[in-house]
Amino acid sequence: MNRFIDINPERCIGCGTCQSACADAHRMQGLQDTPRLALLKTGGISAALACHHCEGAPCAEVCPVNAIEHDGDRIHVKEQECIGCRLCAIACPFGAIHPDGTSIAGVAGMCDPTPSYPKSLSSLLTWAPGQYTCAVKCDLCAFDPDGPHCVAACPTKALTVMGGSADRELDEAKRLRSIENGPVVDVTAVAQGLSEKAEGSVNNG
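Here the sequence shown stands for residues 23 to 227, numbered as in my numbering.
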């Protein structure tokens, strides 16, 4: 099982601290300055949404330049190789991957800093002259051995890293315990019962 970030909506208060921590951490690494997780709000609850790092990874399957790859127990986007086609964002069943780019509006004389599209427009439809766009999604802050910054920053501990080798070891330990503590099966009695059942079927036939 790949690692992923589990979100507990009962603890999430929608403060956006996870998004700020995520954006800051990636900016410091020279990556796209954008949160890798979304924040969803309804009338009753709010919850962060991050990449599930699917075993099958439909985003990786549709990438025409293989810019999305399996890297250990996570799915990784090679941002420098992405061509910004947005197929991965369309294929993702959770809406956890989106296109984003660094604008050149801040460079004097190169373009008008005023966006050429409404802010409410889906990121799948936006386009700006001179802006390089690539796919961004949760990478579990693989550049930091301490783990995802959003998990550490959440004030209510609504985010938890799940899966990976630790979970596999836990599952194996549970399986072994169930074998050790389970009911004792009389193999001879089971075999005799199956034999008698088979003989009865032959006689009745």
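From the three backbone atoms N, C-alpha and C, an ideal C-beta is built for every residue, glycine too.
On the criterion of 16 or more Cβ atoms from any shown chain inside 10 Å, does residue i qualify as buried, or is it exposed?
{"i": "F165", "result": "exposed"}
{"i": "K159", "result": "buried"}
{"i": "Q54", "result": "buried"}
{"i": "G128", "result": "Because the pLDDT of G128 is 49, which lies under 50, any placement of that residue in the model is unreliable, and the question is left without a value."}
{"i": "I97", "result": "buried"}
{"i": "I112", "result": "exposed"}
{"i": "A130", "result": "For A130, the predicted model reports a pLDDT of 49, less than 50, meaning its position is unreliable and no value from the coordinates is stated."}
Name the DSSP bridge partner or partners of residue i?
{"i": "M184", "result": "F26"}
{"i": "H75", "result": "Answer by DSSP bridge pairing: none, since H75 is not bridged."}
{"i": "S68", "result": "K63"}
{"i": "V123", "result": "It should be noted that the sequence gives Gly, not Val, for residue 123. Answer is T155, bridged to G123."}
{"i": "V99", "result": "I90"}
Could you tell me how far apart the beta carbons of residue i and residue j are, in whole angstroms, since I believe they sit closer than 8 Å?
{"i": "C156", "j": "G106", "result": "5 Å"}
{"i": "T182", "j": "C34", "result": "The Cβ separation is near 12 Å, so there is no contact."}
{"i": "T56", "j": "D122", "result": "4 Å"}
{"i": "L59", "j": "G36", "result": "With a Cβ gap of about 13 Å, L59 and G36 do not count as contacting."}
{"i": "A175", "j": "D168", "result": "That belief does not hold up - the Cβ atoms of A175 and D168 are roughly 12 Å apart, past 8 Å."}
For residue i, which residues in the same chain have their Cβ closer than 6 Å to its Cβ, ignoring the five residues on either side in sequence?
{"i": "G185", "result": "M23, N24, R25 and F26"}
{"i": "A79", "result": "I97"}
{"i": "G66", "result": "none"}
{"i": "S68", "result": "C34 and G36"}
Who are the near neighbours of residue i in its chain, counting only those whose CB is closer than 7 Å to its CB and skipping five residues on each side?
{"i": "H171", "result": "A43, C44, A47 and C163"}
{"i": "E103", "result": "V87 and A89"}
{"i": "Q51", "result": "F165"}
{"i": "C110", "result": "C81, V84, C85, I90, I119 and A157"}
{"i": "A180", "result": "I29, N30, R33 and C34"}
{"i": "Q41", "result": "P57, L59 and L61"}
Which same chain residues end up closer than 8 Å to residue i when comparing Cβ atoms and leaving out the 5 residues on each side of it in sequence?
{"i": "H75", "result": "N24, R25, F26, D95, R96, I97, C160, L162 and G185"}
{"i": "G38", "result": "L61"}
{"i": "R49", "result": "D55"}
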